[in-house]
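Quick notes on the structure that follows.
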Amino acid sequence: MPWIRRCRPARNTFELGAFAGVFFTGGSAHELFDPHRQLASLQDGDPGSVFFQPYRVAAPQFGGRVGFYPLAFLGGEVEAAVMPTRIVIDGEPRDRAILFNFRGNLIAQLPFWRIAPFALVGGGGIGTTGALGRDIDQSVHFGGGVKVFLSHRALLRFDVRDVVAARRRVDAGAVSYPEIQLGVSALLGRRSPARRPEKDSDGDGFLDRADACPFEPGIAPDGCPERDRDGDGFLDSRDVCPDVPGIAPDGCPEPDRDGDGFWDRQDDCPDVPGVAPRGCPIPDSDGDGILDDVDRCVHEPETRNGLEDDDGCPDDLDPVRPVIGVIRGIYFDLDKDSIKPRSRPVLDRAVRVLTEHTSVKIEISGHTDSTGGLAHNRDLSRRRAESVRRYLVEHGVDAARLTTRGAGPDEPLDTNRTAAGRAKNRRIEFMILVQ
Numbered sequence: 078m079p080w081i082r083r084c085r086p087a088r089n090t091f092e093l094g095a096f097a098g099v100f101f102t103g104g105s106a107h108e109l110f111d112p113h114r115q116l117a118s119l120q121d122g123d124p125g126s127v128f129f130q131p132y133r134v135a136a137p138q139f140g141g142r143v144g145f146y147p148l149a150f151l152g153g154e155v156e157a158a159v160m161p162t163r164i165v166i167d168g169e170p171r172d173r174a175i176l177f178n179f180r181g182n183l184i185a186q187l188p189f190w191r192i193a194p195f196a197l198v199g200g201g202g203i204g205t206t207g208a209l210g211r212d213i214d215q216s217v218h219f220g221g222g223v224k225v226f227l228s229h230r231a232l233l234r235f236d237v238r239d240v241v242a243a244r245r246r247v248d249a250g251a252v253s254y255p256e257i258q259l260g261v262s263a264l265l266g267r268r269s270p271a272r273r274p275e276k277d278s279d280g281d282g283f284l285d286r287a288d289a290c291p292f293e294p295g296i297a298p299d300g301c302p303e304r305d306r307d308g309d310g311f312l313d314s315r316d317v318c319p320d321v322p323g324i325a326p327d328g329c330p331e332p333d334r335d336g337d338g339f340w341d342r343q344d345d346c347p348d349v350p351g352v353a354p355r356g357c358p359i360p361d362s363d364g365d366g367i368l369d370d371v372d373r374c375v376h377e378p379e380t381r382n383g384l385e386d387d388d389g390c391p392d393d394l395d396p397v398r399p400v401i402g403v404i405r406g407i408y409f410d411l412d413k414d415s416i417k418p419r420s421r422p423v424l425d426r427a428v429r430v431l432t433e434h435t436s437v438k439i440e441i442s443g444h445t446d447s448t449g450g451l452a453h454n455r456d457l458s459r460r461r462a463e464s465v466r467r468y469l470v471e472h473g474v475d476a477a478r479l480t481t482r483g484a485g486p487d488e489p490l491d492t493n494r495t496a497a498g499r500a501k502n503r504r505i506e507f508m509i510l511v512q
């Protein structure tokens, strides 16, 4: 229930309270007097000595009340209060006087919230005792206020009222006495609302407020059912490996020391990762790095020479030997990278060999003699190597198998001092690239 609706007014309730406030006496307008003393003063010929002496304008008020509310919105109460004050003579407060009242109230209040506005009307008497004598006059009053219910046992109350008493002089009329009160009351006879039974939604004996799983029957300590996190049929409380599915007797999986997916009891090589059928690695009988299951020559090691290096067999280079090393018969125009037509038979033979042996990769290097500038010769040798590569690719050799390099005059085969030596140094070489 919302806070504002808890502790609201209830029926068949007694209120026993005390209050304090301010009572406004009306100054010189009050009509509180003793009629016997009035008569005596008139006989003495000095009515002004007794009548119409004002009180102080405001007096403190202290009182108590008892009320009963047969209905939540309607009740009655009786109350009494005293208001100590002084008589003002010649503008100065002098003799003490006591004002008092007693009265009954009929109260109607809004019973919907714990902050309850109310209105009241009532009647009673208002009196005085002091140097002016003693007097009691009938009065009626009306007003309103608000109650704040602090709990089912106590409330605060604020009242604003106007008390009206009849005049007794010849010029008949009434005198108004406003008052303000602030009080506190105890509530008696009120039943505390029955506490709703705490819920146990899943009926496991753990109240919902203390049940970590309020909609699933469970056990101590938190009201949750036992779990089986890994779903292996072993409850976590007795599963030695609660996060890994396992088997009897402890809920742990069978060991697999090498992590190859074969349990140790099925694995012929339990400490070395392997494959089916027995969990052992595939052997490499000839030690050439190619496992037996793909090695075409299980007992003969592969020759790493760039020719069919992935079949596991030793290689015969004779078929490709004609296109390895210095390739004689490739000619270029003077100081150019254009290939002369008479070079085609040699290049076509290279195309045939390379297209028959598709695993071979070749580096084509160009070389010059030392005639001319170094930078020029290196560039010329590179361009000539590129021209040879372009011819091979155009005639069917995969470009990815061919690389080029321009060595210039840096790798001579003979002396550059003679024409014959320089002729040898101007050349194209093919070299197998070993993987």
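What the sequence shown shows, in the working numbering, is residues 78 to 512, in sequence order.
Glycine is no exception: its CB is placed at the ideal position from the N, C-alpha and C atoms.
Only a predicted model underlies this, so the values are computations on that prediction, with no experimental measurement involved.
Query: Contact the stretch 279–288 vs the stretch 219–232: 3+ CB pairs below 8 Å; Result: no
Query: Contained beta strand (DSSP E) runs [length at least 3] in the stretch 179–246, N- to C-terminal order; Result: 192–207, 210–226 and 231–243
Query: Contacting residues, own chain, Cβ-Cβ under 6 Å from Asp214 (five flanking each side not counted); Result: Ile203 and Ala242
Query: Distance CB(Leu510)-CB(Ile439) smaller than 9 Å; Result: yes
Query: Classification of Leu232 by the beta-carbon crowding that lies within 10 angstroms, buried from 16 upward; Result: buried
Query: Nearest-angstrom Cα separation, counted from Ile184 out to Val217; Result: 14 Å
Query: Where the beta strand (DSSP E) through Val143 begins and ends; Result: Ala135 to Leu148
Query: CA-to-CA distance, Arg163 to Asp172, given in whole angstroms; Result: 5 Å
Query: Minimum C-alpha distance to Phe100 - residue among Glu256, Gly181 and Gly222; Result: Glu256
Query: Alpha carbon of Pro161 to alpha carbon of Ile175, nearest angstrom; Result: 5 Å
Query: Span separating the alpha-carbon of Leu264 from that of Ala136; Result: 29 Å
Query: Span separating the alpha-carbon of Pro422 from that of Cys374; Result: 36 Å
Query: Beta-carbon spacing of Leu187, Phe150 below 9 Å; Result: yes
Query: Where Ala97 sits in the DSSP three-state scheme; Result: strand
Query: Integer-rounded CB distance, given that Arg142 should sit under 8 Å from Val134; Result: Contact doesn't hold; Cβ gap of about 25 Å is too wide.
Query: Range covered by the beta strand (DSSP E) that runs through Ala496; Result: Careful: Ala496 lies outside any beta strand (DSSP E), inside the alpha helix (DSSP H) at Ala496 to Asn502.
Query: Straight-line Cα distance separating Val465 from Thr432; Result: 15 Å
Query: Beta carbon of Gly338 nearer than 9 Å to that of Asp307; Result: no
Query: Span separating the alpha-carbon of Met508 from that of Ser436; Result: 14 Å
Query: Continuous beta strand (DSSP E) stretch holding Pro255: start and end; Result: Ala251 to Leu265
Query: Straight-line gap, Thr206 to Trp190 (C-alpha atoms, nearest Å); Result: 42 Å
Query: Assigned secondary structure, Ser126 (DSSP; H/G/I helix, E/B strand, else coil); Result: With a pLDDT of 44 at Ser126, under the threshold of 50, the predicted position of this residue should be treated as unreliable, though the coordinate-derived value follows. Three-state result, Ser126: helix.
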